[in-house]
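I have placed the structure first, in the form of structure tokens, so that the comments after it can refer back to it.
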Amino acid sequence: MLLFRAEEHIETWCRQWTQPRGATLTIDQAWQLANAWYGNKMEPDWRRGTLEETEALLTRLGLTGPFWNLRA
Amino acid sequence: MSAEFDTSVRLALYREFVRTASPPTTEALAAGMQSSTAEIRAALERLAAGKAIVLQPESREILMANPLCAVPTPFRVRTQEHSFFSSCVWDGLGIIAMLQSDSILDTSCACCGEAMTIDVRRGKIVPARGVIHFAIPAKRWWENIVFT
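Chains as they are written, first to last, in our numbering: chain V, 3 to 74; chain R, 58 to 205.
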């Protein structure tokens, strides 16, 4: 996951590296995702989230659609 | 060995990584936990198999104790005490979330190279310009965790 100054910089990068356009997040969305994903990584009871838990997290953050589909 | 032991190894390696801003070696973990290097090595392999950490391909030492990265990258998190590297911008934010400390993530625009920072204070992002791009669909993140 890379940071870009603006949407048009993503377009340029995708062309330069012949990469398909992926999905974009605002910095705030990424911060929320980072908190949910890593906030308890140093806790004794940390465990990797299940498929259902991860789906619920992505949905809660508004990350829905084919790109975020974990099953397809 | 038990899951309890693996948890102890995970906690020890994260605490040491955060304390020193450097990943502990297998030998250092063994010494610190009064275990054999073989026991620690086996625990690290189990943690890697469970996708809790990523090991280097040849040495089998720690490459990523996600979100922390053992090698220099274009993503650096500065806390008041240390600097840490992450493998991507999400993991950089993940370091700040995990440490729960005011920090600055230094990186640059992946397209043009312009320096960019993300500043987190008291658990909130200081408004900043920028957009984050995920190149790989979520289902495939672990196929190549270094390139997502």
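Every residue gets a Cβ at the ideal spot worked out from N, C-alpha and C, and that includes glycine.
Nonlocal neighbours in the same chain, by C-beta distance under 6 Å from V/L60, ignoring five residues either side: As a working mapping, residue 60 of chain V is identified with position 58 in the first sequence. Closer than 6 Å at the Cβ level, and outside the excluded window around V/L60, lie W70.
Short Cβ contact (7 Å threshold) for R/M155 with V/K43: The count along the second sequence starts at 1 and reaches residue 155 of chain R at position 98. The count along the first sequence starts at 1 and reaches residue 43 of chain V at position 41. Yes, these two residues count as a Cβ contact at 7 Å.
Beta-bridge pairing of R/R133 - partner residues as DSSP gives them: Within the second sequence, the letter at position 76 stands for residue 133 of chain R. R/F142 and R/D163.
Beta-carbon proximity of R/L112 to R/A105, cut-off 7 Å: Stepping through the second sequence from its first residue, residue 112 of chain R is reached at position 55. Stepping through the second sequence from its first residue, residue 105 of chain R is reached at position 48. Their beta carbons are under 7 Å apart, which means R/L112 touches R/A105 by this criterion.
Through-space distance from R/L120 to R/T77, alpha-carbon basis: To locate residue 77 of chain R, count along the second sequence from 1; it is residue 20. To locate residue 120 of chain R, count along the second sequence from 1; it is residue 63. Going from the Cα of R/T77 to the Cα of R/L120 covers about 16 Å.
C-alpha gap between R/A100 and R/S158, whole angstroms: Locating residue 100 of chain R in the second sequence gives position 43, counting from the first residue. Locating residue 158 of chain R in the second sequence gives position 101, counting from the first residue. For R/A100 and R/S158, the distance between alpha carbons rounds to 29 Å.
Selection from V/M3, V/G67 and V/G24 that minimises the alpha carbon distance to V/W33: On the first sequence, position 31 is the one that residue 33 of chain V refers to. Checked all of V/M3, V/G67 and V/G24; the closest Cα to V/W33 is V/M3.
Cut-off 8 Å between Cβ atoms - residues of its own chain near V/G64, not counting five sequence neighbours on either side: Numbered from its first residue, the first sequence carries residue 64 of chain V at position 62. Correct list, in chain order: Q31.
Touch test, the segment 135–155 of chain R against the segment 85–95 of chain R, Cβ-Cβ under 8 Å, three pairs minimum: no
Residues in the segment 166–195 of chain R having any Cβ partner in chain V nearer than 8 Å: C166, A167, C168, C169, E171, M173, I175, V177, I182, A185, R186, G187, V188, I189, H190, F191, A192, I193, P194 and A195
Any 3 or more C-beta pairs closer than 8 Å across the segment 180–199 of chain R and the segment 10–28 of chain V: yes
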